[in-house]
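Numbering (the numbering used here), first residue to last: 24 to 415. Cβ coordinates follow ideal geometry from the N, Cα and C atoms, glycine included. Since the model is a prediction, treat every value here as computed from it, not as a measurement.
Below you can see the structure in the form of structure tokens.
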């Protein structure tokens with residue numbers, strides 16, 4: 024049975040449940056993945072898709088009265104394979120009949136039972152877009168409200184018809200009474216063993232693309248690509264691990280090279296620092312010596328001054344300048360007058376005899392030791408300027 028009722032908006036209680044339930048965050052990504060996979064399959068030749076089992080083929084069983092038709096559904100259409108007379112006696116041996124009639128490649132395809140359109144009640148509805156990822160679960164709560172049956176009395180499924188511009192979905196709730204559902208399965212007999220799903224034919228006979236068979240009763244088909252997928256996954260993991268190891272090894276080698284280059288640069292920097300320190304010490308030493316020389320008269324000036332002030336009867340045995348002091352040791356016949364004569368010099372101060380005069384019988388002169396403090400170079404320069412002023 025069908026219904027021609029207009030679209031019925033979802034009641035407020037349903038909308039509230041959808042708002043609380045929300046949608047799966049992976050929904051958009053899964054939709055993109057499905058679209059992308061279908062787009063890639065369009066570039067694969069049909070024979071290759073059929074060989075790899077990627078053309079979505081399935082074996083449809085249609086039981087109408089006393090006949091059972093076998094239809095092969097794939098992307099290019101639905102060619103009918105066979106039409107068999109089907110009686111209750113045939114139903115008992117149905118599995119053997121199909122195994123004998125069909126080639127092994129077709130017998131291995133997932134089997135689907137297609138119910139006539141008059142078997143189900145179809146109810147169009149409008150729900151929020153958040154229900155797209157949990158449509159069957161959400162509409163299962165509305166069976167009591169939208170159909171004359173209880174949820175335990177039917178087998179149901181839901182499908183999306185279209186999307187509206189306001190963000191709502193046009194959906195359809197498809198309900199089949201459990202009694203009619205069980206009778207259709209019983210009519211198949213053993214041929215209905217291992218069904219992957221139960222679909223419903225539209226008014227034009229084309230399946231709607233739903234599955235009315237409960238989850239626990241569906242036959243699971245082993246994925247022929249599972250081993251290849253695992254092998255490819257292992258290969259990808261190995262490749263990623265190898266790439267990461269190569270990157271890590273390259274980074275480690277680069278770090279070692281950088282360390283070696285850094286050690287060479289550090290050694291060069293230390294050598295340059297030592298040379299800079301030596302140069303700085305040398306410059307400081309030179310500055311210190313220059314300061315010492317600038318702080319006292321030059322030796323040439325001292326010798327010139329002594330040659331000018333000492334009498335001709337005096338000669339020196341030793342002349343020393345140490346720590347700003349002048350030391351003279353020698354012999355002179357006028358040793359007692361040396362202090363007064365040397366006192367007229369501006370190059371030193373406080374000349375004095377150190378110790379007593381010692382007569383030398385051989386030279387008939389007196390041996391003397393005389394000391395004086397050298398005057399600072401600045402005071403010598405001032406005194407020289409003062410002496411030069413009267414004569415200018």
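Item, Value
"Between the C-alpha atoms of residue 348 and residue 319, what's the straight-line distance to the nearest angstrom?", "10 Å"
"In terms of residue numbering, what span does the alpha helix (DSSP H) encompassing residue 331 cover?", "322-332"
"Assuming residue 81 is part of the beta strand (DSSP E), what are its boundary residues?", "81-87"
"If you run the structure through DSSP and keep just helix, strand and coil, what is residue 250?", "helix"
"Between residue 342 and residue 298, what straight-line distance do the alpha-carbon atoms span, to the nearest angstrom?", "39 Å"
"Shortest alpha-carbon distance to residue 192 belongs to which of 201, 198, 181, 202?", "181"
"For a quick check, are the C-beta atoms of residue 359 and residue 336 less than 8 Å apart?", "no"
"Residue 45 by DSSP, collapsed to three states: which one?", "Low local confidence applies: a pLDDT of 42 at residue 45 is under 50, so the model's placement there is unreliable, with the coordinate-based value given in what follows. Residue 45: coil per DSSP, three-state reduction."
"If we require 3 or more residues per run, which beta strand (DSSP E) segments fall completely within the segment 283-371?", "337-345, 348-355"
"What is the DSSP secondary structure of residue 168, reduced to helix, strand or coil?", "helix"
"Compare the beta carbon distance of residue 238 and residue 201 with 8 Å and say whether it is the shorter of the two.", "no"
"Going by alpha carbons, who is nearest to residue 389 out of 169, 339, 397?", "339"
"Between which two residues does the beta strand (DSSP E) harbouring residue 202 extend?", "No beta strand (DSSP E) contains residue 202, which is instead part of the alpha helix (DSSP H) from 201-211."
"Using a Cβ-Cβ cutoff of less than 8 Å, which residues in the same chain neighbour residue 190 once the five nearest sequence positions on both sides are dropped?", "151, 152"
"Taking the alpha carbon of residue 129 as the point to measure from, which residue in 378, 258, 82, 179 has its own alpha carbon closest?", "82"
"Looking at C-beta atoms only, is the number of pairs between the segment 161-171 and the segment 204-214 that lie closer than 8 Å three or more?", "no"
"CA-CA distance, residue 224 and residue 132?", "20 Å"
"Would you call residue 232 buried or exposed, if buried means 16 or more other Cβ atoms sit within 10 Å of its Cβ?", "exposed"
"Between the alpha carbons of residue 329 and residue 396, how many angstroms are there, rounded?", "14 Å"
"Between the C-alpha atoms of residue 315 and residue 279, what's the straight-line distance to the nearest angstrom?", "53 Å"
"With DSSP collapsed to three states, give me the class of residue 109.", "coil"
"What are the boundary residues of the alpha helix (DSSP H) that residue 127 is part of?", "127-130"
"Let me see if you follow: with CB-CB separation under 8 Å, is residue 168 close to chain B or not?", "Note that chain B does not occur in the displayed structure, where there is just one protein chain."
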